[in-house]
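Okay, structure first, notes after.
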Amino acid sequence: MLVTCDVFMENVKSGGVFVAARVDKGGQLVRSATGVFFWVFANGSYKVTNDLAGQLVLAEGLSGTRPFDWHNLSLYVKGQSAYGMLDGRQLWNVTGVSSPKNGWAAIGTYSFELAQFDNFNVLAE
Numbered sequence: 114m115l116v117t118c119d120v121f122m123e124n125v126k127s128g129g130v131f132v133a134a135r136v137d138k139g140g141q142l143v144r145s146a147t148g149v150f151f152w153v154f155a156n157g158s159y160k161v162t163n164d165l166a167g168q169l170v171l172a173e174g175l176s177g178t179r180p181f182d183w184h185n186l187s188l189y190v191k192g193q194s195a196y197g198m199l200d201g202r203q204l205w206n207v208t209g210v211s212s213p214k215n216g217w218a219a220i221g222t223y224s225f226e227l228a229q230f231d232n233f234n235v236l237a238e
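Here it is, written out as structure tokens:
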């Protein structure tokens, strides 16, 4: 599955957005959702987690992202491998993503703050 989206963060201090694949829960149960979540933050960092709560960290580091600027996120997940791209360059690559095995694509924010999403695209294989 390939998930791509243009994102625009509007919160300078704690802004963050994500694209995700294989998300297994929604509605009332969303807080305990698992999947592959590719987060970028207004402070110039990124994190890849196996859960929406951000406790199961697969990768993290510096991204160079900042608020009030458009960024393109791409998340590719196939089998037990996943990689993420930011503005056309590969930022991370992980293996051993064993669960969940399927689910849906998602976009969202770190803590219900203002953000913009455009050109959301999902390619399922």
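Residue numbers (my numbering): 114 to 238.
Backbone N, C-alpha and C define an ideal beta-carbon position, used for all residues, glycine too.
Straight-line Cα distance separating residue j from residue i
{"i": "Asn156", "j": "Gly174", "result": "11 Å"}
{"i": "Leu188", "j": "Met198", "result": "7 Å"}
{"i": "Val190", "j": "Arg179", "result": "25 Å"}
{"i": "Val149", "j": "Asn163", "result": "5 Å"}
{"i": "Leu142", "j": "Asn185", "result": "28 Å"}
{"i": "Phe151", "j": "Lys138", "result": "17 Å"}
Under the three-state DSSP convention, the category residue i falls into
{"i": "Val210", "result": "coil"}
{"i": "Ser187", "result": "strand"}
{"i": "Leu115", "result": "strand"}
{"i": "Gly148", "result": "strand"}
{"i": "Arg202", "result": "strand"}
{"i": "Asn281", "result": "In the structure displayed, the chain extends from 114 to 238; residue 281 sits before or after that span and is not available."}
{"i": "Thr222", "result": "strand"}
Assumed close pair residue i, residue j - CB separation to whole angstroms, cut-off 8 Å
{"i": "Leu165", "j": "Ala146", "result": "4 Å"}
{"i": "Phe154", "j": "Gly128", "result": "7 Å"}
{"i": "Gly216", "j": "Val136", "result": "5 Å"}
{"i": "Val130", "j": "Val235", "result": "With 8 Å as the limit, Val130 and Val235 do not qualify as a contact, their Cβ atoms being about 16 Å apart."}
Element boundaries [beta strand (DSSP E), containing residue i]
{"i": "Ser194", "result": "194-199"}
{"i": "Phe230", "result": "228-236"}
Uninterrupted beta strand (DSSP E) stretches inside the region 121-173 (no shorter than 3 residues): 129-136, 147-154, 158-164
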